[in-house]
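Just so we're aligned: 85 in my numbering is position 83 of the sequence shown, and the numbers increase by one with no gaps anywhere.
Report on one structure; see the data block that follows.
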Amino acid sequence: MMRGGAQDTNVCGVTAAIAVIDGKWKTALLGLLESGPHRPGELRRRLPGLSEKVLTQALREMEADELVRREVYDGLPLKTVYSLTAFGRELSEALAPLSDWGHRRLEKLTKAQPAS
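Following this line, the structure appears as structure tokens:
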């Protein structure tokens, strides 16, 4: 889905929700941030394969969609911390039943595969 879909008011609610979590990493980032604030380096270490560029882009989009809050603390070096907003926490809670359904589907697919 195009990034502009996150701002389109002429779509159904499901499409609007999917637009803000579109991409490989956003749901994983939501899940990690559910446990509390994290620094960008912590997020990268917990998600192998996630590049710094893609992490920065995803967090910026999530911040623009008001899902995460970015706080920068003065000091040397500067310390940046990301946390879920109330809106982001609400989305994360709404995704929990969908995640449960997805796990049940994966179990069903695994059971349906012929033994090798």
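Where a beta carbon is used, it is the ideal one built from N, C-alpha and C, also for glycine.
All figures in this text were calculated on a predicted structure; none of them were measured in a lab.
Among the options, whose alpha-carbon lies nearest the alpha-carbon of residue i?
| i | options | result |
| --- | --- | --- |
| A19 | G77, L69, D76 | L69 |
| R72 | K55, P99, P39 | P39 |
| S101 | V13, L32, S85 | L32 |
| K26 | H105, E109, G51, R107 | G51 |
| A96 | V13, N12, E36 | E36 |
| A2 | K55, T11, T87 | Residue numbering for the chain in the displayed model covers 3 to 118; residue 2 lies beyond these limits and cannot be assessed. |
| L34 | N12, E63, S85, K55 | S85 |
| I23 | K55, H105, E63 | E63 |
Are there 16 or more other CB atoms within 10 angstroms of the CB of residue i, so buried, or fewer, so exposed?
| i | result |
| --- | --- |
| K28 | buried |
| V16 | exposed |
| G90 | buried |
| L78 | exposed |
| L80 | exposed |
| L111 | exposed |
| L61 | buried |
| L108 | exposed |
Taking Cβ to Cβ, would you say residue i is nearer than 8 Å to residue j?
| i | j | result |
| --- | --- | --- |
| V83 | R41 | yes |
| L49 | A30 | yes |
| R46 | L57 | yes |
Look up residue i in the DSSP assignment and say whether it is helix, strand or coil.
| i | result |
| --- | --- |
| T82 | strand |
| E73 | strand |
| M4 | Residue placement at M4 is poorly supported in this model, since its pLDDT is 45, which falls under 50; the coordinates are not used for a value here. |
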